[in-house]
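Colleague: I am attaching a structure below and will ask some questions about it afterwards.
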Amino acid sequence: MLKGLLILACVAHVLCGYSDCLLSYGKNGRLNLKEINDPAKMSKMFDAMPLWQPMASILIGTFSITAFTFGYLALASWMHGYNTVTAYIMLASTVLFVVPIVTHHIICGLVEWFYIKLGRTEEARELVLDFQKKTIVTMIIGYLGELLFLISFLVMVVSKQTSLPQWACIVNTLPIMLLILPTKIPAKGNVAGAIMFLGLTILL
Numbered sequence: 001m002l003k004g005l006l007i008l009a010c011v012a013h014v015l016c017g018y019s020d021c022l023l024s025y026g027k028n029g030r031l032n033l034k035e036i037n038d039p040a041k042m043s044k045m046f047d048a049m050p051l052w053q054p055m056a057s058i059l060i061g062t063f064s065i066t067a068f069t070f071g072y073l074a075l076a077s078w079m080h081g082y083n084t085v086t087a088y089i090m091l092a093s094t095v096l097f098v099v100p101i102v103t104h105h106i107i108c109g110l111v112e113w114f115y116i117k118l119g120r121t122e123e124a125r126e127l128v129l130d131f132q133k134k135t136i137v138t139m140i141i142g143y144l145g146e147l148l149f150l151i152s153f154l155v156m157v158v159s160k161q162t163s164l165p166q167w168a169c170i171v172n173t174l175p176i177m178l179l180i181l182p183t184k185i186p187a188k189g190n191v192a193g194a195i196m197f198l199g200l201t202i203l204l
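Going by my numbering, the sequence shown opens with residue 1, and the numbers climb by one from there.
Structure below.
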């Protein structure tokens with residue numbers, strides 16, 4: 001059962017990464033966050049993006065985040081056999097992570113959908129960016145929840161309080177992210193998450 005849920009989480013992270021790419025890439029290239037304050041550049045980026053793309057991202061992202069939740073919950077349940085307090089921290093942080101993050105993903109998709117639907121005007125740009133800024137707390141809370149989960153898991157492995165070898169601490173989204181951060185790999189967070197669950201599938 002554990003391996004099955006870890007594999008599910010690995011595949012789901014890959015799908016979630018694809019949904020992120022649907023929001024970040026269009027026929028005119030990749031969305032550069034530094035350019036969203038430039039009306040002309042932002043309009044050009046989205047002028048060839050079909051409406052189905054952000055909508056597909058919302059649907060695939062919602063499904064995949066829901067699916068990889070089971071992997072995080074499975075790790076929290078597995079940890080219960082070694083440290084009950086840490087297991088409950090991982091359980092709570094999973095909820096703190098996935099609920100706001102799925103909300104944030106939906107918001108990002110809606111922002112792009114409405115911007116395109118409203119004709120990519122300056123008024124539309126200001127409207128959607130204002131909405132996103134006022135809801136950015138969902139992203140902040142979500143990533144804080146993920147960070148708490150990953151640190152808790154990392155500490156347990158490093159301190160040799162689980163059946164995993166100490167070197168297995170590298171099979172964690174945090175160190176993997178540090179390795180791939182300088183690269184141009186898209187959807188880095190989901191790539192790191194997929195690698196972590198793939199590694200744990202092999203080790204556990």
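Yeah, the Cβ is synthetic: ideal placement off N, Cα and C, and Gly gets one too.
Count the other CB atoms, across all protein chains shown, that sit within 10 Å of the CB of Ala40; report buried if there are 16 or more and exposed otherwise.
Modeller: Within the sequence shown, numbered from 1, the residue matching residue 40 stands at position 40. So Ala40 counts as exposed.
Colleague: What's the gap between the Cα of Thr84 and the Cα of Lys3?
Modeller: Position 84 of the sequence shown, counting from 1, holds the residue named residue 84. Position 3 of the sequence shown, counting from 1, holds the residue named residue 3. Computed Cα separation, rounded: 21 Å.
Colleague: On the DSSP letters alone, give me the boundaries of the alpha helix (DSSP H) that Glu125 sits inside.
Modeller: Along the sequence shown, read from residue 1 onward, the residue named residue 125 stands at position 125. Checking the sequence, you will find Arg at residue 125 rather than Glu. Start and end: 122 to 134.
Colleague: On the three-pair Cβ rule with 8 Å, is the region 117 to 129 touching the region 151 to 169?
Modeller: These segments do not touch.
Colleague: For a quick check, are the C-beta atoms of Phe197 and Cys10 less than 8 Å apart?
Modeller: To locate residue 197, count along the sequence shown from 1; it is residue 197. To locate residue 10, count along the sequence shown from 1; it is residue 10. Yes; because the gap between Cβ atoms is below 8 Å, this pair is in contact.
Colleague: Is it the case that the Cβ atoms of Val95 and Ile65 are separated by a distance below 8 Å?
Modeller: By one-based count along the sequence shown, residue 95 stands at place 95. By one-based count along the sequence shown, residue 65 stands at place 65. Taking 8 Å as the Cβ cut-off, Val95 and Ile65 do not qualify as a contacting pair.
Colleague: Please name the residue or residues paired with Gly29 in a DSSP beta bridge.
Modeller: The sequence position of residue 29 within the sequence shown is 29, counting from 1. Bridge partners of Gly29: Gly26.
Colleague: Three-state secondary structure (DSSP) at Pro54?
Modeller: Residue numbering aside, residue 54 sits at position 54 when the sequence shown is read from its first letter. Pro54: helix per DSSP, three-state reduction.
Colleague: Considering only C-alpha positions, which residue in the set Val14, Lys44, Thr62 is nearest to Lys27?
Modeller: On the sequence shown, position 27 is the one that residue 27 refers to. Looking at the Cα atoms, Lys44 is the closest of the given residues.
Colleague: Relative to the C-alpha of Met55, which residue among Glu35, Ile107, Gly189 is closest?
Modeller: Sequence index remark: in the sequence shown, residue 55 carries index 55 (1-based). Checked all of Glu35, Ile107, Gly189; the closest Cα to Met55 is Ile107.
Colleague: Reducing DSSP to helix, strand and coil, say where Asn190 ends up.
Modeller: As a position in the sequence shown, residue 190 is number 190, starting the count at 1. The answer is helix: DSSP assigns Asn190 an H, G or I state.
Colleague: Taking DSSP as the reference, what is the three-state secondary structure of Lys184?
Modeller: As a first step, residue 184 must be located in the sequence shown, where it is residue number 184. Note: Lys184 maps to coil in three-state DSSP.
Colleague: Which first and last residues belong to the alpha helix (DSSP H) in which Glu112 is found?
Modeller: As a working mapping, residue 112 is identified with position 112 in the sequence shown. Where Glu112 is concerned, the enclosing alpha helix (DSSP H) stretches over 84 to 117.
Colleague: Tell me where the alpha helix (DSSP H) around Thr243 begins and ends.
Modeller: An answer regarding residue 243 cannot be provided, because it is not within the stretch 1 to 204 covered by the chain.
Colleague: Quick check: what's the CA-CA separation for Leu73 versus Leu51?
Modeller: For this step, residue 73 is matched to residue 73 along the sequence shown. For this step, residue 51 is matched to residue 51 along the sequence shown. Whole-angstrom Cα-Cα distance: 34 Å.
Colleague: State the DSSP-derived secondary structure class of Ser163, mapped to helix, strand or coil.
Modeller: Start at 1 with the first residue of the sequence shown, and residue 163 comes out as number 163. DSSP places Ser163 in coil when its eight states are reduced to three.
Colleague: Please report the residue range of the alpha helix (DSSP H) in which Lys41 lies.
Modeller: As a working note, residue 41 is residue 41 in the sequence shown. That run of the alpha helix (DSSP H) goes 39 to 46.
Colleague: Would you check if the distance between the CB atom of Ile180 and the CB atom of Val191 is smaller than 8 Å?
Modeller: Position 180 of the sequence shown, counted from the first residue, corresponds to residue 180. Position 191 of the sequence shown, counted from the first residue, corresponds to residue 191. Cβ atoms of Ile180 and Val191: closer than 8 Å.
Colleague: For Asp20, is the classification buried or exposed, using 16 other Cβ atoms within 10 angstroms of its Cβ as the cut-off for buried?
Modeller: The count along the sequence shown starts at 1 and reaches residue 20 at position 20. Buried: at least 16 other Cβ atoms inside 10 Å.
Colleague: Give me the Cα-Cα distance between Val14 and Ile60, rounded to the nearest whole angstrom.
Modeller: Taking the sequence shown and counting its residues from 1, the one referred to as residue 14 is at position 14. Taking the sequence shown and counting its residues from 1, the one referred to as residue 60 is at position 60. So the alpha carbons of these two residues sit roughly 11 Å apart.
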